[in-house]
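**Q**
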Amino acid sequence: MQMTLKEYLAGLKGKTVAVIGIGVSNTPLIKMLLRAGIRVTACDKNRREDFGGLAEELESLGAELRLGPDYLKGLDQDVIFRTPGLRPDVPELLSAQAKGSMITSEMEAFFQVCPCHTIGVTGSDGKTTTTTIIASLLKAAGYHTFVGGNIGRPLLADADGMEPDDWAVLELSSFQLMTMDLSPEIAVVTNLAPNHLDMHTSMEEYTAAKKNIFLHQGTADRAVFNYDNEITREFLEEAPGRAVSFSLKQELSQGVYGKDGAIWVANDRGRRSVLPLDGILLPGEHNVENYMAAIAAVDGMVPDEVIRKFAAEFGGVEHRIELVRTRNGVRYYNDSIASSPSRTIAGLRSFPDKVILIAGGYDKHIPFDVLGPEVVAHVKHLVLTGATADKISAAVRECAEYRGEPSISQYEDFSAAVMAAHGMAQPGDVVLFSPACASFDQFKNFAQRGEAFKKIIYEL
Numbered sequence: 001m002q003m004t005l006k007e008y009l010a011g012l013k014g015k016t017v018a019v020i021g022i023g024v025s026n027t028p029l030i031k032m033l034l035r036a037g038i039r040v041t042a043c044d045k046n047r048r049e050d051f052g053g054l055a056e057e058l059e060s061l062g063a064e065l066r067l068g069p070d071y072l073k074g075l076d077q078d079v080i081f082r083t084p085g086l087r088p089d090v091p092e093l094l095s096a097q098a099k100g101s102m103i104t105s106e107m108e109a110f111f112q113v114c115p116c117h118t119i120g121v122t123g124s125d126g127k128t129t130t131t132t133i134i135a136s137l138l139k140a141a142g143y144h145t146f147v148g149g150n151i152g153r154p155l156l157a158d159a160d161g162m163e164p165d166d167w168a169v170l171e172l173s174s175f176q177l178m179t180m181d182l183s184p185e186i187a188v189v190t191n192l193a194p195n196h197l198d199m200h201t202s203m204e205e206y207t208a209a210k211k212n213i214f215l216h217q218g219t220a221d222r223a224v225f226n227y228d229n230e231i232t233r234e235f236l237e238e239a240p241g242r243a244v245s246f247s248l249k250q251e252l253s254q255g256v257y258g259k260d261g262a263i264w265v266a267n268d269r270g271r272r273s274v275l276p277l278d279g280i281l282l283p284g285e286h287n288v289e290n291y292m293a294a295i296a297a298v299d300g301m302v303p304d305e306v307i308r309k310f311a312a313e314f315g316g317v318e319h320r321i322e323l324v325r326t327r328n329g330v331r332y333y334n335d336s337i338a339s340s341p342s343r344t345i346a347g348l349r350s351f352p353d354k355v356i357l358i359a360g361g362y363d364k365h366i367p368f369d370v371l372g373p374e375v376v377a378h379v380k381h382l383v384l385t386g387a388t389a390d391k392i393s394a395a396v397r398e399c400a401e402y403r404g405e406p407s408i409s410q411y412e413d414f415s416a417a418v419m420a421a422h423g424m425a426q427p428g429d430v431v432l433f434s435p436a437c438a439s440f441d442q443f444k445n446f447a448q449r450g451e452a453f454k455k456i457i458y459e460l
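What the sequence shown shows, in full-length UniProt numbering, is residues 1 to 460, in sequence order.
1) Just to check my reading of the structure: residue 434 and residue 362 have Cβ atoms closer than 8 Å, yes? What is that Cβ distance to the nearest angstrom?
2) Alpha carbon to alpha carbon, how far is residue 154 from residue 300? Give it in angstroms, no decimals.
3) With residue 166 as the anchor, note down where its beta strand (DSSP E) starts and where it stops.
4) Quick one: Cα of residue 457 to Cα of residue 130, how far?
5) Quick one: residues in its chain with C-beta nearer than 8 Å to the C-beta of residue 116, no 5 flanking neighbours on either side, listed in chain order?
6) Could you compute how far the alpha carbon of residue 252 sits from the alpha carbon of residue 142?
7) Should residue 171 go down as buried or exposed, given a rule of 16 or more other Cβ atoms within 10 Å for buried?
8) In terms of residue numbering, what span does the beta strand (DSSP E) encompassing residue 64 cover?
9) At a cut of 8 Å, does the segment 63-72 reach the segment 98-110 through at least three beta carbon pairs?
10) Using the rule of at least 16 other Cβ atoms within 10 Å of the residue's Cβ for burial, across every protein chain shown, is residue 397 buried or exposed?
11) Could you tell me whether the segment 219-232 touches the segment 325-332, using the rule of 3 or more Cβ pairs below 8 Å?
12) Near residue 351, what residues of its chain come up, given a Cβ to Cβ distance below 6 Å and the 5 sequence neighbours on each side ignored?
13) Please list the terminal residues of the continuous alpha helix (DSSP H) segment that includes residue 301.
14) Is residue 426 buried or exposed, if buried means 16 or more other CB atoms sit within 10 Å of its CB?
15) Which residue marks the beginning of the alpha helix (DSSP H) containing residue 139, and which one marks its end?
16) Going by CA-CA distance only, name the one from 101, 178, 183 that's closest to residue 119.
17) Once you ignore the five residues that flank residue 217 on each side, which residues in its own chain have a CB closer than 6 Å to its CB?
18) Which partner residues of residue 259 appear in the DSSP bridge assignment?
19) What whole-angstrom Cβ distance do residue 450 and residue 336 have, given they're in contact under 8 Å?
20) Drop a sphere of 10 angstroms on the beta-carbon of residue 174, count the other beta-carbons inside from all chains shown, and report buried for 16 or more, exposed for fewer.
21) Which residue spans inside the segment 15-66 form an unbroken beta strand (DSSP E) run of at least 3?
22) For the candidate residues 93, 407, 307, whose alpha-carbon lies nearest to that of residue 139?
23) Expressed to the nearest angstrom, what Euclidean distance is found between the alpha-carbon atoms of residue 355 and residue 421?
24) Rounded to the nearest angstrom, what separates residue 339 and residue 452 at their Cα positions?
25) Mind checking residue 91: buried by the 16 CB within 10 Å criterion, or exposed?
26) What's the C-alpha gap between residue 257 and residue 189?
27) Answer yes if the segment 315-322 comes into contact with the segment 385-404, meaning at least three C-beta pairs across the two stretches below 8 Å, and no otherwise.
28) Suppose you measure from the CA of residue 53 to the CA of residue 23; what does that come to, to the nearest Å?
29) Determine which residues share a DSSP beta bridge with residue 102 and list them.
30) So, helix, strand or coil for residue 410, using DSSP?
31) Counting only the same chain and skipping the five closest in sequence on each side, list residues whose C-beta sits under 6 Å from that of residue 383.
32) Assuming contact is defined by CB atoms lying nearer than 8 Å, are residue 17 and residue 112 in contact in what I supplied?
33) What are the start and end residues of each continuous beta strand (DSSP E) run of 3 or more residues lying completely inside the segment 170-254, in chain order?
34) So, at 6 Å on beta carbons, what are the nonlocal neighbours of residue 385 in its own chain, with the 5 sequence-adjacent residues on each side left out?
35) Using 8 Å for Cβ pairs, my map puts residue 176 next to residue 84. What's the rounded Cβ distance?
36) In whole angstroms, give me the CA-to-CA distance for residue 97 and residue 221.
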């Protein structure tokens with residue numbers, strides 16, 4: 001029988017606990033543990049002055065803080081909660097584990113105590129939009145729904161307020177999944193392409209982490225895979241439960257597919273047209289795929305008319321091909337979430353005409369060669385900035401399709417790059433900020449980067 005959150009916390013009493021990372025997901029965890037009377041050491045690489053009043057607040061609740069460069073030194077607590085951004089095989093964690101420490105995470109603990117139904121979504125691209133669509137459809141159909149993981153809020157503290165018929169919809173990253181040994185009832189993998197290779201040792205390790213979302217399912221559970229993606233198509237044979245595919249490119253005997261300008265569902269009950277493509281407000285084929293994945297996940301729980309009504313009204317998630325402003329006939333789009341070439345390619349394919357593209361950022365050590373031909377096909381001016389500017393420029397110039405167009409310019413300063421793109425734009429043009437890279441060379445995260453772009457555009 002599954003334990004409750006109350007029982008889980010009771011099992012930690014009398015033990016020493018360390019929480020690594022005082023961020024969005026772990027701060028509520030630290031506070032919950034302290035309020036339950038558990039001794040907590042909160043560790044973070046940032047210095048005290050970076051936390052403002054939070055450091056004093058945690059200390060007032062009884063936390064011991066270990067901050068700065070030596071934050072991992074001397075880890076020997078009975079239980080250690082790892083932040084997803086820290087590899088589980090760093091020497092300090094391996095040493096603690098060898099001495100008897102149990103290494104876990106907020107998400108692993110949530111799966112141990114969650115009393116309700118669960119849907120998990122992972123993939124290289126489309127996770128947040130697909131998670132949002134699934135959760136919104138369930139809510140619209142009348143289910144009490146919680147949203148967490150990489151979006152929403154940490155759900156561990158909410159577990160005692162969940163009922164068996166509720167749904168928890170979770171966006172799960174490869175970093176969270178690396179050490180997971182429990183899987184959601186419904187697992188969705190949107191796609192896989194090289195990503196986060198600055199964190200993972202190889203594409204094989206990255207793929208193995210993603211597979212944990214379904215490998216620990218039961219035979220009655222459901223796994224949803226992108227049939228058009230070579231990597232995820234192979235997962236069909238590995239799913240312990242019922243595997244369901246979705247495809248833009250071909251009609252499926254079982255699954256969700258595109259045909260005659262609509263999304264269709266085929267299952268043991270027959271075939272039916274669920275959603276006309278021209279009824280989807282969000283632009284781009286990648287968003288059709290996001291809807292296919294979501295429909296495969298909620299099939300049998302959400303009526304088709306609810307899906308159609310939602311699709312006609314849902315305008316998308318911030319920083320995802322977000323129309324910021326139209327000025328002097330030029331449309332400016334913020335796609336800051338695009339931290340990989342595949343994501344930027346999807347964005348480029350969303351527009352019928354060539355765009356002015358602003359790209360570049362932090363180097364995650366992923367290849368850009370696939371981006372070159374797409375830039376040639378879909379971009380009239382390429383404006384580069386950030387640590388990867390030279391690599392992206394080389395990928396475009398060296399591809400076989402390049403004949404001197406698009407024009408390519410580089411700027412060290414982000415604002416200068418945006419203003420340069422603005423200066424190139426003529427009425428009727430689209431300026432698309434879709435970096436194909438992470439943000440960490442100049443910004444805290446993709447959201448801060450997107451806000452910086454929008455601020456510049458609003459001030460034009």
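Virtual Cβ for every residue (Gly too), placed ideally from N, Cα, C.
Given the structure is predicted, the values throughout are model-derived calculations rather than measurements.
**A** If we stick to the structure as given:
1) Actually they are not in contact, since the Cβ atoms of residue 434 and residue 362 sit about 15 Å apart, beyond 8 Å.
2) 28 Å
3) Unbroken run through residue 166: none, as it is neither H nor E.
4) 28 Å
5) 146, 162, 163, 164, 165, 166, 167, 168
6) 30 Å
7) buried
8) 64-67
9) no
10) exposed
11) no
12) 430
13) No alpha helix (DSSP H) contains residue 301, which DSSP labels as neither H nor E.
14) exposed
15) 127-140
16) 183
17) 183, 240, 241
18) 262
19) 3 Å
20) buried
21) 16-20, 39-44
22) 307
23) 10 Å
24) 16 Å
25) exposed
26) 16 Å
27) no
28) 14 Å
29) 79
30) strand
31) 358, 409, 417, 420, 421
32) no
33) 186-189, 222-226, 242-247
34) 360, 411, 414, 417
35) 5 Å
36) 32 Å
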